[in-house]
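Protein chains in written order, with our numbering: chain F, 1 to 375; chain G, 376 to 750; chain Z, 751 to 1158; chain S, 1159 to 1566.
The C-beta atom is built at its ideal place from N, Cα and C for all residues, glycine as well.
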Amino acid sequence: MSMKVLGIVFSYADRENLRELTKIRTLSSVPFGGKYRIIDFILSNFVNSGIQEVSIITRNNYHSLIDHLGSGKEWDLTRKIGGLRILSPFSNPGGTDNGTYLGTIDALSKNMHSIKRSLAEYVVITGSSFICSIDYDEIIRSHIDRQADITAVYARQRPDFELPDGIPLLRMDDQERVNELCYFNDDCDPNTTTFSLGMFVLRKSLLESLVADSIAYGRYDFYRDIIQRLSNQLNIRGYEYRKNYFEISSVSGYMKENMRLLKEDVRRQTFEMPVYTKVKDSVPAQYGAGSKVSNSIISDGCRIEGTVINSILSRGVVVGKGAVVQNSIVMQNTEIMRNVSLNYVILDKDVIVRESRQLVGHETYPVVIEKKSII
Amino acid sequence: MSMKVLGIVFSYADRENLRELTKIRTLSSVPFGGKYRIIDFILSNFVNSGIQEVSIITRNNYHSLIDHLGSGKEWDLTRKIGGLRILSPFSNPGGTDNGTYLGTIDALSKNMHSIKRSLAEYVVITGSSFICSIDYDEIIRSHIDRQADITAVYARQRPDFELPDGIPLLRMDDQERVNELCYFNDDCDPNTTTFSLGMFVLRKSLLESLVADSIAYGRYDFYRDIIQRLSNQLNIRGYEYRKNYFEISSVSGYMKENMRLLKEDVRRQTFEMPVYTKVKDSVPAQYGAGSKVSNSIISDGCRIEGTVINSILSRGVVVGKGAVVQNSIVMQNTEIMRNVSLNYVILDKDVIVRESRQLVGHETYPVVIEKKSII
Amino acid sequence: MSNAKKKEMIAMLLAGGQGSRLGILTNHVAKPAVPFGGKYRIIDFPISNCVNSGIDTIGVLTQYRPLELNAYIGNGQPWDLDRLFGGITILPPYMKAEAGEWYKGTANAIYQNIEYIEMSRPTYVLILSGDHIYKMNYKMMLDYHVQKGADCTIAVIDVPYEEASRFGVMNTDGTLKIYEFEEKPANPKSTLASMGVYIFNWEKLKAYLIADETDKKSENDFGKNIIPKMLEADEKMYAYEYKGYWKDVGTVESLWEANMDLLNPEVPIELNDPPWKIYSRNGFLPPQYIGENAVLKNSSISEGCNIDGTIENSIIFPGVTVQKGATVSNSIVMPGVTIGEGSVVAYTIIAADTVIGLNVKLGAGKETLPEGTHPDISVIGQNIIIADDTVIPAGAMVGESIAKKESE
Amino acid sequence: MSNAKKKEMIAMLLAGGQGSRLGILTNHVAKPAVPFGGKYRIIDFPISNCVNSGIDTIGVLTQYRPLELNAYIGNGQPWDLDRLFGGITILPPYMKAEAGEWYKGTANAIYQNIEYIEMSRPTYVLILSGDHIYKMNYKMMLDYHVQKGADCTIAVIDVPYEEASRFGVMNTDGTLKIYEFEEKPANPKSTLASMGVYIFNWEKLKAYLIADETDKKSENDFGKNIIPKMLEADEKMYAYEYKGYWKDVGTVESLWEANMDLLNPEVPIELNDPPWKIYSRNGFLPPQYIGENAVLKNSSISEGCNIDGTIENSIIFPGVTVQKGATVSNSIVMPGVTIGEGSVVAYTIIAADTVIGLNVKLGAGKETLPEGTHPDISVIGQNIIIADDTVIPAGAMVGESIAKKESE
């Protein structure tokens, strides 16, 4: 990409109920797809699109995110010019405020000192609720071609995806010009909805003035106060994303979306471009003489002696002899001892499940076991 | 160094009155010696001693520090194993506290989750009030040789240095065993004082248990509650630092200490080992046909057309024709226009002094001009 | 600048060999870059040993097909060797004012890089080679070297008497001082075999290298020239006995064996060893997917694999596809290989990116062999295509694609 | 892995030359590593141009004394080229299965690295050389190349007619399409001189390189062989006119001139240009100290200097000491030099780390010369000692230390 572009990530979401999974971490550092975290997909999209400058806006619980990202080397974002910048709510110079944001515009405004210093011409803004494999280069080209002020990325309903309440819907004319914003509820027809993927492209100078104007009038919400309010003054265009996406906002959805990775075409679309993540230098997965594994995703460093069916295992998971893991998601370094039986369970990191224990959840309400629990 | 060591830096100080200089930045990111900041000397001591893992404890106003350090590349601290970690008060996992520390022990305790994960055997703790060129490798060897529990680095009064009130004094027996702690005040005899440089070496495991114990009893001050209270239970040894040091706690002291760098032997001792700082890729300093420069430190990127005497200029300073800068400290990218006259002035970054203005302070009370002012 | 830091010990890694005994496996890459152990390359072992021993300056001497090795080493980041001071540097031969010359021997390779070494002003230099699998703490060896006050310390391993004649053998006195070195002796006087790991006092070594260079009859080799000359001059040379797992992987047979050792819990080479990790450059592949028809027994499988067949006693590298009904046993399958439905692979090494068609039979059939022996290992070369229904017997080496037979 | 990213354009920098016309200045370093402009090396200019033009993959072809260049380039961090994908790579000659060969010519150097280039699968390849000082946006040149639909675009600069015969001259039609190339023509038909900066469509270039390699009579050189052959075959070749400052620094005289140009506000080469910085590897030196006796006029002085003498119209590199009463004028003083009390240095280039004693006279005295000319430039070599009271005349080249005369 020859244009200079700054990526801005909102690492948290208001519209999210992931229970124990976001108790100790912000949305973007929630594990997904075995060895990844949501932020990995976001940063990889940037890097694969040639965007080498990324600012991540954090609000709370961002310790695990900072830990995961380190200096940004694994994403090639340890750059002298540009690179990765984590904007914590309390780092504003001279700031004495209490670190909460009144809304997305307020968050942008409170971090404007940093955004302003970037030499980028365009910004790509994204949230952390959607995971996809998207080429921003193409979107920026379409943004320029159509002389758009703002380009809003949208997608259509997938047959196996229930739109969550409150997701912002974009209504467009036949030129994809956005003329109305509303929120999904029971009255909407899910078959005709075009919903926002939370990604926007605009000139950095326009973002700066829109944010300054909104703040001056006490307006804090990007959707309501910029997209909706200004839809007839600005040329806001939709850009349709047509490949696979994952939406993460509830525990049952989290489980279902993970499990979709067991389908070959979903995997192919998700990993068509490389997805970078923290390197752990784990050994390859080891399968013992008595192992039985079927339709599962297994990460490096696992040691499987038991049975694993329709499940997703992150790095360094141990499954003992006689244990049966079904329809479950097991996060990093969790140990499942002999003869344990699990069905519809999400085990967070560093959990130990002792011999012969049994945990059974249901597809609609998976059991979630908190990080470092011993069962 | 074959021993694994973690460096811990307190980037702020309670005992400090630097007026405008720390209004917008924490103590350790205050500029010193032309192109450096205090943290540069601290990190360079670590790196030159073979310490490759450093945690920096921050409290407030740490934005400029984060900015300066970036990914830590310039100090070779962008490591896969170890490297640089900035601990911000709000990054504690699950933390909901309001980000203030009750004292140094409390600060260590609140960051213990990170300190504990380090594989280091020893820790070196340092504050940010003293600048020196010190070999921690040697101190750790003496620590081990003397089977010390804690080694406290101390120095003696320098003839040209007035001890500031409240500086902690260490009283030792003839084996350098610390047996008393007191604070400097008018009653102390400055000629016999041995004062703490705020640097300590101890085993990480001992630090962990001392901090846990103190917190359990509601004790929060490292000097009072560990060094003083435990001086007869622990083998606390002094280690005398004999080379040049700078102490930064007041504006007049800041000016005096900077000016001492104009002495050759002070410069030699300070820069005997390399001091790393952020690379700015400035051009070399340019001296115009009418320039007159005497007894001054000039950094890269300066353009001098006027007169500079007994002064210290950071990078990118412009001194116009006919301007006279005397006994002053000029920080980065400040522009002094034609025929300006300055004497005993500290100009912070990005200041503009317009044609023919005059600013005069006094050695005991230098004028300080805030960042980005236009005079 | 002049105040760059002095290093106590730096390592020089001899990675020059073409490794012709590995046959077609080194057609495209230097031996140290040959894949090993499911996700590593052979050179990851000495490099990781260095890093884990606290050595942060490593020169890699190479002159044969360095491109892949160069790309693999890159800026050294996977081994935490992307340093401002030190780090890892590839050192090919170069031209001086008059002319250039290729490396004539191991000692000449070091000689030609004296200037590189002097930049770090080391007290000690560690000489390593790039074709052994082992985990060793060189810092402990250095402590021993210093404690003995030695000029040169050579790491040795106690081998069975009947194998000693395949190695360079160190004859030592009771204090492990070396008084004689014999290269592949017919009647060994000792069973202490040289591992090709040396620590030298740099000033001493430099003097010998310079002297050796003027000796027109010398082959400029450590084992053949430098060590004997130092012994002759009565320098203080000590053997340092290493007790762990160590294996030369210079032949197809030994490369296969060393891989199989990883699957054998009886053999003391555990790679899952957090304080002594073996680092390697990781690709950017998703986790492996195990299909509904997979059967996995005592095997090691890496990222990006897609396994729907049967894998037994095998090492499967990243990005390998094994289709339904295919069976892989006692084999090593390198990155990016595809094995088609119904194929049977046994006692075979398949090099990277090769495509095995449907119903292919590679390697040993159902021979009955004496206990403790195994069929000859077949080797299939890199980036070729083996057509459907091909049958390759045990011990064959296939370097070119095999096309489908014309229908008769 | 296979899904590594394709690059639109990568750069290949020919840094092989010994640069013998720079005499003793290249005794220890390759020409591209020669210091320039107060804190840079010549090679910083093409590398920074690449980085500022958005090119992040650069191969540096070198075979002459690469050690210092290697150490200087390191992991590429100073130029923001320490990349996971791409970055800067030093490419020396290497051995293939049979044998190795040194680079025979500029085209052969690229030919031998076809495999390296193919790793990035570029559409375009930019060929640069390492001995020119200029700031140029190669991205604009690429846009032009694409817009013209060219197979090859050659950057040219309009030179005075009387100088054109010193260059390779491009004869073009009205659309700047090149129909003829003449190397140093006695009677130039045009004043468009080649800057040695080429953009090729990679597939096209590769075909010509492979063909050229089989031509036994070819010198395997871009200017002498590849360009003429492409013209002959009527490929679409365009000239791209560059209007800025450009200087070949292949001789002592031109190196001195280009340095002096930096001090001349009339000459359009401004290095203090934030959006187009020239990056370089910085030492770790403190800021410069200017003493009480210093007199500084129209000069450029770098970090770590200690100046107590008089400096006029000169470029002083990092870490230089000029003692009280010494005078340096119209000179270039490279890193780490010391100039003793009372010495007078004029129209001289002093190479790195040399020590000039007390009351030494280097270079031109008080000759009267015609206006617009200057005395011959003296050159003092690297890391030598010039004893007190030595007198070296204008235009001399001193490569060895000069000892103190025995007292008579």
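In chain Z, which residues lie with their C-beta within 8 angstroms of the C-beta of residue i?
i, result
"F/Asn295", "Ile1040, Gly1041, Glu1042"
Check whether chain S comes within 8 angstroms of residue i, counting only Cβ atoms and requiring the distance to be less than that.
i, result
"G/Val658", "yes"
"F/Asp76", "yes"
"G/Ala664", "yes"
"G/Lys746", "no"
For residue i, return the contacting residues in chain S, with the cut-off set at a CB-CB distance below 7 angstroms.
i, result
"F/Arg242", "Result: empty, since nearest Cβ-Cβ is about 21 angstroms, beyond 7 angstroms."
"G/Gln661", "Ser1458"
Given a threshold of 16 other Cβ atoms within 10 Å of its Cβ, counted over all protein chains shown, does residue i qualify as buried or as exposed?
i, result
"S/Ile1344", "For clarity, residue 1344 of chain S is Ala in the given sequence; the question names Ile instead. Label assigned to S/Ala1344: exposed."
"G/Tyr511", "buried"
"F/Asn45", "buried"
"G/Pro741", "buried"
"G/Gln661", "buried"
"S/Tyr1319", "exposed"
"Z/Gly809", "buried"
Please decide whether residue i counts as near chain F, where near means a Cβ-Cβ distance under 8 angstroms.
i, result
"G/Lys448", "yes"
"Z/Pro1036", "yes"
"G/Ser463", "yes"
"S/Asp1431", "no"
"S/Asp1309", "no"
Applying a beta-carbon distance threshold of less than 8 angstroms, which residues of chain G neighbour residue i?
i, result
"S/Glu1424", "Result: empty, since nearest Cβ-Cβ is about 14 angstroms, beyond 8 angstroms."
"F/Gly83", "Gly445, Ser446"
"Z/Phe835", "Asp451"
With 8 angstroms as the threshold, decide whether the Cβ of residue i is near any Cβ in chain Z.
i, result
"G/Arg755", "Only positions 376 to 750 of chain G appear in the structure, and residue 755 of chain G is not among them; the question remains open."
Give the interface partners of residue i over in chain F, defined as CB-CB distance under 9 angstroms, in chain order.
i, result
"G/Gly573", "Chain F residues near G/Gly573: none, gap ~25 angstroms exceeds 9 angstroms."
Would residue i and residue j be called neighbours here (beta carbons separated by less than 8 angstroms)?
i, j, result
"G/Thr401", "G/Asn436", "yes"
"F/Thr193", "F/Leu169", "yes"
"Z/Tyr992", "Z/Ile928", "no"
"S/Gly1332", "S/Ser1352", "no"
"S/Ala1267", "S/Gly1174", "yes"
Beta-carbon of residue i versus every beta-carbon of chain G: anything under 8 angstroms?
i, result
"F/Ser28", "no"
"F/Gly301", "no"
"S/Gly1232", "no"
"S/Arg1196", "At residue 1196 of chain S the sequence reads Gly, which differs from the Arg that was named. For S/Gly1196, the answer is yes, since a Cβ of chain G falls inside 8 angstroms of its Cβ."
"F/Pro93", "Residue confidence is low: F/Pro93 scores 46 on pLDDT, short of 50, so the model does not pin down where it sits. Its coordinate-derived value is still stated next. Output row for F/Pro93: interface = yes."
May I ask you to list the residues that DSSP assigns as paired with residue i?
i, result
"S/Tyr1337", "DSSP lists no partner for S/Tyr1337."
"Z/Tyr874", "Z/Met759, Z/Asn951"
"F/Cys182", "F/Leu169"
"F/His362", "F/Tyr365"
"S/His1290", "S/Asp1406"
Would you mind telling me which residues of chain S sit closer than 9 angstroms to residue i, beta carbon to beta carbon, in chain order?
i, result
"Z/Leu817", "Leu1249, Tyr1252, Asn1271, Glu1273, Tyr1274, Met1277"
Find the residues of chain S that neighbour residue i, judging by a C-beta separation of less than 8 angstroms, and give them in chain order.
i, result
"G/Val650", "Phe1442, Pro1444"
Listing by chain order, which chain F residues have their CB less than 7 angstroms from the CB of residue i?
i, result
"Z/Leu1160", "For chain Z, the structure presents residues 751 to 1158; residue 1160 of chain Z sits outside this window and is missing."
Given that residue i touches chain Z, what residues does it touch there, using C-beta distances under 7 angstroms?
i, result
"S/Asn1228", "Thr839"
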